[in-house]
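J.:
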Amino acid sequence: GIDFLSFGKSRFVVVLDLQPLKQDPDYLRRYIDPVAPLRRKYDRLAGRMTPRFYDETRFFSPQLLLGKFDSDAPLAADLHPAMN
14 GIDFLSFGKS RFVVVLDLQP LKQDPDYLRR YIDPVAPLRR KYDRLAGRMT PRFYDETRFF
74 SPQLLLGKFD SDAPLAADLH PAMN
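Under the numbering used here, the residues of the sequence shown are numbered 14 to 97, in order.
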């Protein structure tokens, strides 16, 4: 799934996750690991979920793309190129 949240012009949250159907290593390697190069290339999209709300290891993939920004500048610099 992809979520883009905008809180006015001062706070943005972007999430892209393939939401694995299972945490089986073979499944993750085949379907989730292809996102790893994006995490490495766009470090501002390599954030982690807070355990306060979700069990990250149960509901999200290890290659979750998460960015939290205080301006819209990283959207054009990182988000748009990553999605192309």
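Glycine included, C-beta positions come from ideal geometry on N, C-alpha and C.
So, for L79: in the same chain, excluding its five sequence neighbours on each side, which residues have a beta-carbon less than 6 Å away from its beta-carbon?
T.: Same-chain partners within the cutoff: V28, G60.
J.: Distance, Cα to Cα, P75 vs S19?
T.: Roughly 24 Å between the two C-alpha positions.
J.: Should F73 and D30 be called a contact, given that it needs their Cβ atoms to be closer than 8 Å?
T.: Yes, the Cβ-Cβ distance between F73 and D30 is below 8 Å.
J.: Measure how close the beta-carbons of R52 and L58 come, nearest whole angstrom, since I'm counting them as under 8 Å.
T.: Right, their Cβ atoms sit about 7 Å apart.
J.: Check each candidate in G21, T63, R71 and name the one with the smallest Cα separation from L34.
T.: Among G21, T63, R71, the Cα nearest to that of L34 belongs to R71.
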